[in-house]
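Heads up: the structure comes next, in structure tokens.
In this note's numbering, the protein residues as written are 1 to 296.
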């Protein structure tokens, strides 16, 4: 297949390298990169099959500026929730393209390991089963793919796990131990399930690759940029300094704020996300930990 990847960050590049194994691929981004097969955004949007890997908070603006609907088929590898509107990614894309042309990639997958061609398993979710199957067939042998019809469940898991990863990084940064981290992650999974169930997600999604799989990975490794945000907060570093040192987008930061806003509007109990949001806004991490332990 001929595929265009839009987004030349670490994840976009990793997907470009992986998909180039069996397909003719080009890559594009908002700024010119010295990468082989780099094309303009306009040329990328001419392709029928497009993998989209830009930061969530930039999606709406980017599509408004560049996208013209030509019945393109998308595989969206971005994760998060739009802070300004509280909308999920499928809702944002749904304002520009048919839901039947949208598929979403999720599951445990550090870009650095995908780039090394290390084995992993991913989920492709779509309201269009045939499209999900088409996208599943383009991946190389070292990536095993599954398909799902639970778009909202996969999206929420992919977004929320970054928030729990921040909390986990704080936990480890305070040297609270393995027991505390395991307790936090397991309660995080309960919280993700509660939030997702409110929006009609399926229970099996939370226990699969999109949910538990991605959560366990992201919340237990310094390869996770969101986990590293938590480590920085535990050291008392200002958020701006952490993000500058990180040099990458940490989607868990705006997602925590979006989830807290959504949960308050809909009376959903999300204590971990709420405390992460408070810490990102400057609350003392030890005070936040104490308050979290008091909650059920």
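By construction, the Cβ of each residue, glycine as well, lies at the ideal position given by its N, Cα and C atoms. The structure displayed is predicted, hence computed values, not measured ones.
- Secondary structure of residue 125 (DSSP, three-state): strand.
- Taking the C-beta atoms as reference points, residue 252 is found nearer than 8 Å to residue 165.
- When DSSP states are grouped into helix, strand and coil, residue 81 belongs to the strand group.
- Looking at the DSSP output, residue 24 bridges to 2.
- Note that the region 187 to 202 touches the region 210 to 222; at least 3 beta-carbon pairs, one per stretch, sit closer than 8 Å.
- Beta bridge pairing from DSSP links residue 120 with 143.
- By alpha-carbon distance to residue 21, the top candidate from 238, 231, 141, 278 is 141.
- Just measuring C-alpha positions, the residue of 229, 91, 36, 227 sitting nearest residue 63 is 91.
- Across the set 70, 145, 187, the C-alpha of 145 shows the shortest separation from the C-alpha of residue 19.
- Contact between residue 158 and residue 205 does not hold, since the beta-carbon distance rounds to 10 Å and is not under 8 Å.
- When C-alpha distances from residue 75 are compared across 236, 263, 36, 128, the shortest belongs to 128.
- By the Cβ neighbour-count rule, residue 28 is buried, with 16 or more other Cβ atoms within 10 Å of its own.
- The closest CA to that of residue 33, considering only 224, 5, 80, 278, is found on 5.
- Counted as a single uninterrupted DSSP element, the stretch harbouring residue 264 is not any beta strand (DSSP E) but the alpha helix (DSSP H) occupying residues 252 to 266.
- If only complete runs of 4 or more residues are kept, the region 171 to 235 shows the alpha helix (DSSP H) at 178 to 198, 203 to 206, 214 to 218, 225 to 234, in order along the chain.
- A residue is called buried when at least 16 other Cβ atoms come within 10 angstroms of its Cβ; residue 235 does not meet this threshold and is exposed.
- Residue 284 and residue 237 have their C-alpha atoms roughly 11 Å apart.
- A check of alpha carbon separations from residue 241 across 65, 280, 186 identifies 280 as the nearest.
- Just so you know, the alpha carbons of residue 96 and residue 185 end up roughly 36 Å apart.
- Beta-bridge analysis with DSSP links residue 75 to 51, 103.
- Nearest neighbour of residue 161 by Cα position, chosen from 106, 130, 199, turns out to be 106.
- DSSP places residue 38 within a strand segment (E or B) once states are collapsed to three.
- Each of 61, 36, 73 was checked against the Cα of residue 46, and the nearest Cα belongs to 73.
- Relative to residue 199, the option among 87, 171, 291, 224 whose CA is nearest is 87.
- If the five residues before and after residue 254 are omitted, its C-beta is found closer than 6 Å to the C-beta atoms of 57, 83, all from its own chain and listed in chain order.
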